[in-house]
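Protein chains: 2
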Amino acid sequence: GRETKRSLCKLTDSRETDSPRRATEIKCCPAVRDGPALREPAVEMSAAERFIHEALEVIIDEAVKKATDVQEKVCDWQSPEKLRELLDLELKDGGESDSKILQHCKNAIRYSVKTSHPRFFNQLFAGLEPYSMVASFITEAVKTSLYTYEVAPVFTLMEDAVLKKMMELIGWDEGGDGIFNPGGSMSNMYAVNLARYRFCPDIKEVGLYNAPRLVMFTSQEGHYSISKAAALLGLGTKNVYAVPSDDRGKMIPSALEEKIELARSEGAVPFFVNATAGTTVFGAFDPVDEIADICERHSLWLHVDACWGGAALVSNQHKHLLKGIHRADSVAWNPHKMLMACLQCSAFLIKDKTSLLQRCHSAKASYLFQQDKFYDVSYDTGDKSVQCSRKPDAFKFWLMWKALGSSELERRVDRALAMARYLAQTVKKREGFHLLMKPEYANVCFWYVPPALRGLPDGPELWRKLHTVAPVIKERMMKTGSMMIGYQTHGDKPNFFRMVVINPQVSKQDLDFVLDEIHSLGKDLR
Amino acid sequence: GRETKRSLCKLTDSRETDSPRRATEIKCCPAVRDGPALREPAVEMSAAERFIHEALEVIIDEAVKKATDVQEKVCDWQSPEKLRELLDLELKDGGESDSKILQHCKNAIRYSVKTSHPRFFNQLFAGLEPYSMVASFITEAVKTSLYTYEVAPVFTLMEDAVLKKMMELIGWDEGGDGIFNPGGSMSNMYAVNLARYRFCPDIKEVGLYNAPRLVMFTSQEGHYSISKAAALLGLGTKNVYAVPSDDRGKMIPSALEEKIELARSEGAVPFFVNATAGTTVFGAFDPVDEIADICERHSLWLHVDACWGGAALVSNQHKHLLKGIHRADSVAWNPHKMLMACLQCSAFLIKDKTSLLQRCHSAKASYLFQQDKFYDVSYDTGDKSVQCSRKPDAFKFWLMWKALGSSELERRVDRALAMARYLAQTVKKREGFHLLMKPEYANVCFWYVPPALRGLPDGPELWRKLHTVAPVIKERMMKTGSMMIGYQTHGDKPNFFRMVVINPQVSKQDLDFVLDEIHSLGKDLR
């Protein structure tokens with residue numbers, strides 16, 4: 092188009108094109124005129140090395156040793172207002188000395204929550220995995236991006252190796268495709284976008300304007316990212332039909348079929364089903380095999396959100412939880428959760444072998460994905476992504492897998508799940524503790540009922556009072572720094588604790604401590 | 092709904108609910124029955140510390156010292172097939188010894204491209220920034236996610252501080268809102284989604300089915316992520332209207348106005364304009380002030396993609412390039428490019444102060460964003476994001492800014508741009524080198540014409556031959572490992588080099604070396 096007439100004269104005339112502004116230009120850049128500032132490097136690398144060395148000592152002392160020491164606090168809670176003062180946040184015109192910066196590093200670690208601590212049970216990640224941590228340091232130090240083989244040869248191949256191994260565990264004997272994403276929510280969005288692209292590739296170009304109303308299905312216990320995907324992708328959150336789950340939190344297959352029929356009867360077009368393998372709250376597994384039957388019957392894309400539960404695939408004892416996952420069209424699986432890879436490490440896997448992932452997301456930027464490179468450009472993964480720059484997260488999983496082997500990964504998962512069962516059994520035996528349900532995975536949900544409430548009859552008054560217990564205990568545990576456990580409501584259930592056991596540094600003693608501590612922090616509540 | 096009748100009996104009957112399966116359960120988990128495996132931690136932290144220590148020495152030697160040593164290679168090129176063998180990628184059932192893992196670490200660094208090397212000019216990032224590197228190590232070691240203040244108190248406040256300071260530089264005197272994203276492409280997508288949400292909030296719930304055809308505008312030189320956003324968001328890539336740019340690569344405001352009229356005349360609804368501050372190829376700046384006039388007149392959302400050019404805002408000498416940016420509704424700005432923060436460090440900023448960001452993206456997950464917490468939950472930033480888990484990338488910028496001060500950031504930008512001007516002047520003077528255009532920013536684009544082609548008359552034959560020159564020189568520089576520079580076509584222009592100068596370790600000598608080396612690698616080509 093526009094360039095057709097210009098390239099040649101540009102080519103030969105380039106010496107002249109900019110002459111009119113040269114004088115001002117030089118005035119603006121005295122360094123160019125005066126020279127010396129550009130003759131030498133403007134940084135001193137040996138000073139940089141010294142600083143990095145000192146800082147690494149701080150990191151080992153504070154973020155490794157202290158952070159995993161059960162004698163230390165899990166967190167040194169400060170209110171936002173107080174913490175602002177302690178951190179000296181202001182960015183100024185002048186810089187600060189290295190010793191001050193080291194102090195900032197210490198403070199940053201000190202006032203951060205120690206998610207590696209054996210008493211941290213607040214999230215679906217926990218614990219320190221040394222090999223993965225080292226790998227993540229390397230990815231930071233090497234500082235590269237995964238778009239092309241050319242700038243990230245090692246990490247491109249490692250991502251490929253990890254994805255292949257994960258697909259093997261899923262049971263896709265003929266392989267597939269995949270990519271690591273910044274978090275499981277992104278992976279779930281990719282799934283929706285791919286399903287839509289397979290359903291109607293034209294939407295990529297023309298948008299949804301002439302499309303029929305597309306409907307997706309997920310259980311009421313599914314992760315909120317499915318809904319966020321519907322919003323972002325222009326599909327609309329109302330077109331996510333929530334399928335009822337049973338009282339264990341598992342999607343009811345017949346209810347899925349009913350919702351599909353409902354959508355059809357409304358004139359809408361079902362296209363996507365999300366099955367959850369390991370729900371966020373209860374750790375429940377949807378019956379993938381039965382859901383796959385329904386998807387096959389109705390020609391729907393089956394995505395399995397196994398971000399949390401995918402880890403069970405490494406365990407011979409527990410992989411039955413995901414029975415049927417090999418029938419999925421796509422899978423999201425976050426090794427940064429149960430498998431303890433450093434944040435973030437989230438794989439999106441797809442069974443398709445016709446480069447659907449690339450066709451769906453590609454933009455073919457000529458400055459990055461030149462086709463006349465001297466190597467096989469099918470190694471350039473950038474156009475599979477909606478990102479441009481992308482972190483080499485797979486390496487964090489590759490290195491730890493290499494170090495531990497599949498067998499140790501399996502032992503860790505088995506141990507974490509055994510620990511969750513031990514905790515559930517202990518909760519059941521303890522006075523004043525009530526299990527919501529037997530854990531299917533590593534989520535143990537329970538109420539603590541303080542002595543003063545134990546005599547109350549079942550009913551709204553008890554619930555109302557009980558509802559306030561967990562938040563107060565949470566506040567007290569944070570301020571004491573003794574441990575961290577999440578709490579929440581669910582439906583009309585009063586607040587309960589959701590405790591997640593992952594970290595292999597955790598022993599029975601820690602779990603016993605937790606229950607003692609909850610009682611000790613909450614026994615006066617009424 | 093579903094839970095209404097159940098919570099109470101669950102609460103009191105929990106000890107009984109799971110009894111039928113208990114026997115099998117215990118059989119599955121011998122560890123629970125046998126006990127000892129759960130009594131002690133399953134990891135030995137002192138061994139972990141030892142390993143981390145040794146690995147950090149490797150990182151300093153290989154990824155800091157060697158990687159920045161001009162005597163070392165920029166890359167140790169291996170073909171994918173050969174590299175596969177060298178890396179021993181296979182993941183096995185058994186683990187490997189720490190010494191073997193350290194060897195894998197060395198190999199991973201050795202065969203990675205040294206983007207910190209003073210001869211790396213291939214991307215819009217380069218160089219080693221020691222403070223940012225240390226900060227990124229800390230974020231990895233601390234291993235947390237930004238959704239709630241509770242689990243990331245320090246990084247929440249630091250993100251806030253950095254965003255505020257960046258908004259100050261943009262010139263939003265009354266502040267605004269913002270969030271760090273995994274890359275500028277995500278930030279650009281956020282902008283499109285917010286513009287759409289402001290235009291019609293209902294689309295979040297009901298989708299695009301009953302919406303008019305929405306049209307967005309970006310220059311032909313704009314980044315491909317705008318097009319990727321249109322695809323992902325269900326708006327359609329055809330509804331991105333490419334506005335012509337002038338021969339410097341700057342959007343032509345009158346052409347924008349024409350395109351807006353065109354869309355209107357077709358019955359479509361314009362809603363979003365992307366102005367680029369620092370285009371990917373030429374480093375051109377769209378005239379933001381004039382574009383803002385047009386957006387005001389037509390009530391369109393103005394987004395400025397300043398991922399690359401935003402850095403000029405820290406320089407009194409160069410900030411005029413972004414004149415008018417304070418009038419933008421949103422800005423994307425990646426400190427990981429010119430400002431050298433570690434990858435990734437990408438800010439998305441929005442002028443709105445009515446929590447549009449949160450309203451547009453929120454899903455209000457009850458397990459994470461409880462409203463009965465004991466602190467001010469407006470500090471929980473998670474619902475501003477389409478991600479769930481999110482990295483504390485702002486810290487990588489905060490710590491280096493604290494160490495260097497705004498004044499040193501400014502000096503670095505001024506120096507990089509002076510260096511680009513020096514390079515351009517040198518290219519112009521050298522026989523056989525042809526500048527495409529005078530650089531407006533840090534992108535220097537030029538052809539190298541080997542002696543054998545210098546006599547050829549302008550015309551298709553010259554172009555065709557010239558087109559093959561850069562790829563061959565690129566192959567040779569990679570295989571020599573002497574330097575890395577990108578090349579590409581543009582419109583119908585034959586392949587040219589795009590060289591980007593960022594790293595303060597680079598001196599004039601390095602630039603002179605580059606031109607000598609190109610000649611030396613390509614002088615035999617014909």
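Protein chains in written order, with this note's numbering: chain A, 92 to 617; chain B, 92 to 617.
Beta carbons are placed, not taken as given, at the ideal position from N, Cα and C, and that holds for glycine.
Predicted, not measured: the structure shown is a model, and the values here were computed from it.
Expected contact under 8 Å - CB spacing of residue i and residue j to nearest Å
i: B:GLU531; j: B:ALA375; result: 6 Å
i: B:ILE382; j: B:ALA366; result: 5 Å
i: B:HIS558; j: B:PRO585; result: 4 Å
i: B:ASP471; j: B:TYR238; result: 7 Å
i: A:LEU440; j: A:MET258; result: 6 Å
i: B:VAL242; j: A:VAL204; result: 5 Å
i: A:ILE564; j: B:TYR222; result: The Cβ separation is near 40 Å, so there is no contact.
i: B:SER318; j: B:THR328; result: 5 Å
Nearest-angstrom Cα separation, counted from residue j out to residue i
i: A:LEU430; j: A:LEU129; result: 49 Å
i: A:ILE270; j: A:VAL283; result: 15 Å
i: B:GLY415; j: B:GLY266; result: 16 Å
i: B:TYR300; j: B:GLY577; result: 42 Å
i: B:TRP554; j: B:GLY340; result: 21 Å
i: A:SER476; j: A:THR230; result: 19 Å
i: A:SER170; j: A:PRO541; result: 27 Å
i: B:GLU499; j: B:PRO595; result: 11 Å
i: B:ASP268; j: B:LEU447; result: 9 Å
i: A:CYS436; j: B:ASP167; result: 27 Å
i: B:VAL123; j: A:LEU602; result: In this prediction, B:VAL123 scores a pLDDT of 43, lower than 50, which makes its location untrustworthy; the coordinate-derived value is nonetheless stated afterwards. About 13 Å.
i: B:ASP474; j: B:SER453; result: 5 Å
i: B:LEU508; j: B:VAL334; result: 27 Å
i: B:ASP420; j: A:LYS614; result: 52 Å
i: B:LEU254; j: B:TRP263; result: 11 Å
i: A:GLY496; j: A:LYS256; result: 12 Å
i: A:PRO209; j: A:THR571; result: 15 Å
i: A:VAL149; j: A:ILE143; result: 10 Å
i: A:MET342; j: A:VAL379; result: 9 Å
Interface partners of residue i on chain D, CB under 8 Å
i: A:LEU129; result: Among the protein chains in the structure shown, which are A and B, there is no chain D.
Within chain A, partners of residue i - CB distance below 7 Å
i: B:ASP463; result: PRO562
i: B:PRO273; result: PRO273 and GLN478
Under 9 Å from the C-beta of residue i: neighbouring residues of chain A
i: B:CYS291; result: Those within 9 Å of B:CYS291 in chain A number zero; the least Cβ separation is about 11 Å.
i: B:ALA252; result: ARG175, LEU178, LEU180, GLU181 and LEU182
i: B:ALA533; result: By Cβ distance, chain A contributes nothing, its closest Cβ being about 12 Å from B:ALA533, past 9 Å.
Residue i: contacting residues in chain B (beta-carbon distance under 7 Å)
i: A:ASP467; result: PRO171
i: A:THR580; result: SER457
8 Å Cβ cut-off: residues of chain B touching residue i
i: A:ALA492; result: Note that residue 492 of chain A is Trp in the sequence shown, not Ala. By Cβ distance, chain B contributes LEU182.
i: A:THR235; result: SER203, VAL204, THR206 and LEU434
i: A:TYR240; result: PRO171
Listed by chain order, chain A residues near residue i by CB distance under 8 Å
i: B:LYS295; result: ALA322, GLY327 and THR328
Any 3 or more C-beta pairs closer than 8 Å across the region 155–166 of chain A and the region 169–184 of chain B: no
Does the region 156–171 of chain A come within contact of the region 185–196 of chain B, defined as at least 3 CB pairs closer than 8 Å? no
Quick one: which residues of the region 315–348 of chain B get their C-beta closer than 7 Å to a C-beta of chain A? List them in chain order. TYR315, SER316, SER318, LYS319, ALA322, LEU323, LEU324, GLY325, LEU326, GLY327, THR328, LYS329, ASN330, PRO335 and ASP338
Answer yes if the region 502–518 of chain A comes into contact with the region 277–292 of chain A, meaning at least three C-beta pairs across the two stretches below 8 Å, and no otherwise. no
Residues of the region 186–202 of chain B whose Cβ lies closer than 7 Å to any Cβ of chain A, in chain order: Going along the region 186–202 of chain B in chain order, one finds GLY186, GLU187, ILE192, HIS195, CYS196, ALA199, ILE200 and TYR202 with a Cβ nearer than 7 Å to chain A.
According to a CB-to-CB cut-off of less than 7 Å, which residues of the region 411–437 of chain A neighbour chain B? Cβ contacts with chain B come from CYS433, LEU434 and GLN435.
Is it the case that the region 420–427 of chain B contacts the region 386–395 of chain B, given that we only count it when at least three CB pairs across the two stretches are under 8 Å? yes
Counting pairs of beta carbons, one from the region 204–214 of chain B and one from the region 242–251 of chain A, are three or more of them closer than 8 Å? These segments touch.
So, do the region 299–315 of chain B and the region 355–364 of chain B have three or more beta carbon pairs nearer to each other than 8 Å? In short, these stretches touch, since the Cβ pair count reaches three.
Output needed in chain order: residues of the region 367–381 of chain B with a Cβ under 7 Å from some Cβ in chain A. THR371 and VAL372
Relative to chain B, which residues along the region 129–162 of chain A have a C-beta separation below 7 Å, given in chain order? Listed by position along the chain: LEU129, ARG130, GLU131, PRO132, ALA133, VAL134, MET136, ALA139, GLU140, PHE142, ILE143, HIS144, ALA146, LEU147, ILE150, ILE151, ALA154, VAL155, LYS156 and THR159.
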